[in-house]
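Protein chains in written order, with my numbering: chain D, -3 to 110; chain E, 542 to 655.
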């Protein structure tokens, strides 16, 4: 079956702009989590959505937001981009996150802010 | 400004050797632990997990050891192969809102020489 699909794969934005990234989970998975990966900070949890509700949130400013649709697809938005937002953004989907397993990751969206 | 790349610990081994990758965590409340493998250009891939009520778990060619007293995890890879070359992350997780929320280690780069 198809894996987790993230679009676009690469994105270049200008400081101050906003950006929306998309994640299509594995069919049947209702949980989608988002992560930011940078050389300086490593891999960090952003937030998790389950059945269209944000269930958990990491320690990121309010410029980072997300949502989940009824088909479980998820988007994350970053407003007023800063140079430090340049990162690989990863999403992971899970059928039942309560059983563990960490979810299945997509290949990420590489965002560069100039 | 110029970004500074993360200097990951690196483990270089010969093909066929056993590899041991170590990870420390700080949260005493963590109750579930995961090891991931990340190849260049891809998202993290689940390798093996272990719950806090266990101290050892074995998979195919991999073994995870957990020492809760000193908050230490290790991943042992038997008969390391060139295809094992990747960055390896540990994650300790806490249960929140029906999910396991991870905190990731900084990663170790494993290089396997043929």
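Here a beta-carbon is modelled for each residue, glycine too, at the ideal position from N, C-alpha and C.
In angstroms with no decimal places, state the Cα-to-Cα distance between residue 94/D and residue 611/E.
26 Å
Using a C-beta cutoff of 8 Å, does residue 89/D count as contacting chain E?
Between residue 89/D and chain E, the shortest Cβ-Cβ separation is not below 8 Å.
When you compare only the Cα positions, how much space is there between residue 599/E and residue 79/D?
42 Å
Below-8 Å beta-carbon distance, residue 641/E vs any chain D residue:
yes
Burial state of residue 620/E, where buried means 16 or more other Cβ atoms lie within 10 Å
exposed
Own chain partners of residue 614/E with C-beta closer than 6 Å, once the 5 adjacent residues on each side are dropped
564, 574, 607, 631
Please report the residue range of the beta strand (DSSP E) in which residue 45/D lies.
38 to 46
Measure the CB-CB distance between residue 633/E and residue 568/E and report whether it falls below 8 Å.
yes
Let me confirm a value: residue 65/D is counted as buried when at least 16 other C-beta atoms fall within 10 Å, else exposed. Which label applies?
Classification of residue 65/D: exposed, given that the 10 Å Cβ count is below 16.
So residue 557/E contacts chain D; which residues on that side make the cut at Cβ distance below 8 Å?
Under the 8 Å cutoff, chain D gives no residues; its nearest Cβ is about 29 Å from residue 557/E.
Would you say residue 42/D lies against chain E (beta-carbon separation less than 8 Å)?
For residue 42/D, the closest Cβ of chain E is not nearer than 8 Å.
Cutoff 6 Å; reference residue 47/D; Cβ partners in own chain excluding five residues on either side:
26
CA nearest to the CA of residue 3/D, picked from 77/D, 69/D, 99/D:
69/D
Runs of beta strand (DSSP E) lying entirely within the segment 565 to 624 of chain E, each at least 3 residues, in chain order:
573 to 579, 586 to 592, 597 to 599, 603 to 608, 613 to 618
Mind checking the segment 49 to 66 of chain D against chain E and listing, in chain order, the residues whose C-beta falls within less than 7 Å of any C-beta there?
51, 52
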